[in-house]
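In UniProt numbering, the protein residues as written are 1 to 537. Backbone N, C-alpha and C fix where the C-beta goes; we use that ideal spot for every residue, glycine too. Just so you know, these numbers come straight off a predicted model, no measurement behind them. These notes are about the structure you will find just below.
Here it is, written out as structure tokens:
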């Protein structure tokens, strides 16, 4: 007997099993019987311990579970049937047999045995640039094994292998050294000890890269004076589609920029160029991944007729000579090869007295570029921009214009006017004829009432310094245009001025001179140069 548990009074009889317990005596406090076998448990020694099953009331003992440690979840089993608790792919009372289609019983395998994995998702790709694709993938929906081997294939060739074990992770791989703008097919082969499965294939294309190869730029003849047409070949599109061409243009002298071309055509015309100017052209073929550059091409535009030629400058030398000078055109537009000077004579009232005629011509080679490009150019001198016109009439107005010629055409300047000096001609050793012309109305500024003929100086070769004086010799009428001065000495120089007078006042010309004839009647005419300033009296 043993003491009744709780607050109950009295004792309870021991309930020891007659075969499971050693005897009928139990612990007087707890009522625990002494079991006669290690497989027996319980207060009365009437059921099995853990890891045992099937209590035999006659023998008073249990059988060990004997679960296979590789296939069972643990060492316990059902207390009655002795069925062990098997892993997912294990069967049998002792969990020692793989289920159908499974194999390789493994103590480290949480599934016990392995099957062929199934439902492997395809890899996921992310295009990084023109030469790299990042690939990642997840484990199969049904791994069916605790250890997997992944093999990544690109275009049918294995490029990467990695193993993974449960619990599985997402895998990553960076595929590099790829070709630009190229499609690549990827799939996975996932293997376990029992077999393998293959995912569906996916295709990704790398981004375009900079075009490869050479880009040859050329121009189309003939070249215009204000435009150039250029062409180039389409480069290989292996690196991706060409999105645009950029044709750049720059003058070598940098004076006037030109507008570039941008588009998809392989021929372009650049307009609004300066004639006979060197330009540097270059083209780029561009994809979204970069540009391919051509070798620069230098082109000189064709010549055009020159422009902006200023009028010549006329300077009086004597009563029969004028000095004419001009500058090159401000826009030569080519090589100046010739100057032509044209002249026409005017009446005193400004009307044309004679038709224009060419009085001077000079040929040569005047390039706007400071350095000649050939030895032949170095051998040529520029055409003369100045000349002296002789054999003119005294105190007569002449108009001049200059014509500049290059290989493409010519340009004419505006007319400009010059006047020869007054004339004093010798009649004898003792007289000189002084003559003049009536000025235009804008000079007389009113009705002419007369002319004053004055002797302003006398110079003899024997005197070291001349005697200078001013003496009015004659007052001529408005219709008179000459006066004979008499009583002079042989072979001496005399200077005269003409004063034109209206009702308000007079204006005096520059001086003009002449020499009387020698006593031996040998005449020498000398025209004395006078300046252009006129002094108002």
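Can you tell me the Cα-Cα spacing of residue i and residue j, whole angstroms?
i	j	result
residue 198	residue 209	32 Å
residue 418	residue 392	11 Å
residue 57	residue 147	47 Å
residue 491	residue 363	43 Å
residue 154	residue 140	19 Å
residue 195	residue 106	16 Å
residue 526	residue 358	A caution first: residue 526 carries a pLDDT of 37, below 50, which makes its placement in the model too unreliable to give a value.
residue 354	residue 505	33 Å
residue 512	residue 421	7 Å
residue 19	residue 30	20 Å
residue 385	residue 473	43 Å
residue 402	residue 311	7 Å
residue 186	residue 215	35 Å
Name the residue from the options whose alpha carbon lies nearest to the alpha carbon of residue i.
i	options	result
residue 232	252, 368, 281	281
residue 296	304, 230, 243	230
residue 302	504, 35, 76, 408	408
residue 576	275, 105, 237, 60	Nothing can be reported for residue 576, as the shown portion of the chain is limited to 1 through 537.
residue 328	354, 299, 365, 507	365
residue 15	46, 6, 9	46
residue 207	173, 200, 128, 156	128
residue 318	135, 394, 102, 192	394
residue 124	117, 138, 132, 130	138
residue 344	356, 351, 350	356
residue 80	54, 214, 248, 385	54
residue 164	143, 17, 75	143
residue 514	481, 425, 480	425
residue 501	479, 493, 451	451
residue 352	339, 225, 400	400
residue 270	236, 192, 406, 226	226
residue 188	214, 168, 17, 156	156
residue 433	483, 396, 405	483
residue 52	75, 59, 44	75
For residue i, which residues of its own chain have a beta-carbon under 8 Å away from its beta-carbon, when the five flanking residues on both sides are left out?
i	result
residue 253	277, 278
residue 245	232, 261, 262, 263, 264, 265, 266, 268, 283, 284, 285, 286
residue 49	38, 39, 40, 41, 62
residue 87	71, 72, 73, 95, 109, 110, 111, 112, 113
residue 503	446, 447, 449
residue 131	176, 177, 178, 179, 180, 206, 209
residue 2	11, 12, 14, 26, 27, 28, 29, 30, 31
Applying the 10 Å Cβ sphere with the 16-neighbour rule, what's the burial state of residue i?
i	result
residue 461	Low per-residue confidence applies at residue 461: pLDDT is 49, beneath 50, and the placement is therefore not dependable, though the value from the model is reported in the following sentence. Looking at its Cβ environment, which holds fewer than 16 other Cβ atoms inside 10 Å, residue 461 is exposed.
residue 495	buried
residue 11	exposed
residue 24	exposed
residue 69	exposed
residue 330	exposed
residue 441	exposed
residue 8	exposed
residue 528	Since pLDDT at residue 528 reaches only 34, below the 50 mark, its modelled position is unreliable, and the value read off the structure follows with that caveat. The residue in question, residue 528, is buried, as its Cβ has 16 or more Cβ neighbours within 10 Å.
residue 389	buried
residue 6	exposed
residue 120	buried
residue 337	buried
residue 135	buried
Excluding the 5 residues flanking residue i on each side, which residues of the same chain have their C-beta closer than 7 Å to its C-beta?
i	result
residue 162	150, 171
residue 66	94
residue 299	219, 223, 228, 279, 281
residue 102	89, 113, 114, 115, 194
residue 83	77, 93
residue 182	205, 206
residue 481	435, 436, 437, 438
residue 478	448, 449, 450
Kindly list the residues whose CB is nearer than 6 Å to the CB of residue i, restricted to its own chain and excluding five residues on each side of it in sequence; keep chain order.
i	result
residue 99	89, 91
residue 381	364
residue 332	306, 368
residue 133	125, 127, 175, 204
residue 429	490, 516, 517, 519
residue 470	454, 456
residue 158	151
residue 22	34, 36
residue 257	none
residue 250	280
Which whole-angstrom value describes the C-beta separation of residue i and residue j, a residue pair presumed to lie in contact below a C-beta threshold of 8 Å?
i	j	result
residue 485	residue 431	6 Å
residue 398	residue 322	7 Å
residue 202	residue 117	Going by Cβ atoms, the distance from residue 202 to residue 117 rounds to 19 Å, so no, they are not a contact pair.
residue 476	residue 453	6 Å
residue 292	residue 211	4 Å
residue 339	residue 383	5 Å
Quick one: is the Cβ of residue i within less than 8 Å of any heavy atom of the ligand PLP?
i	result
residue 383	For the structure depicted, the ligand PLP is absent and the ligand set is empty, with no information on it obtainable.
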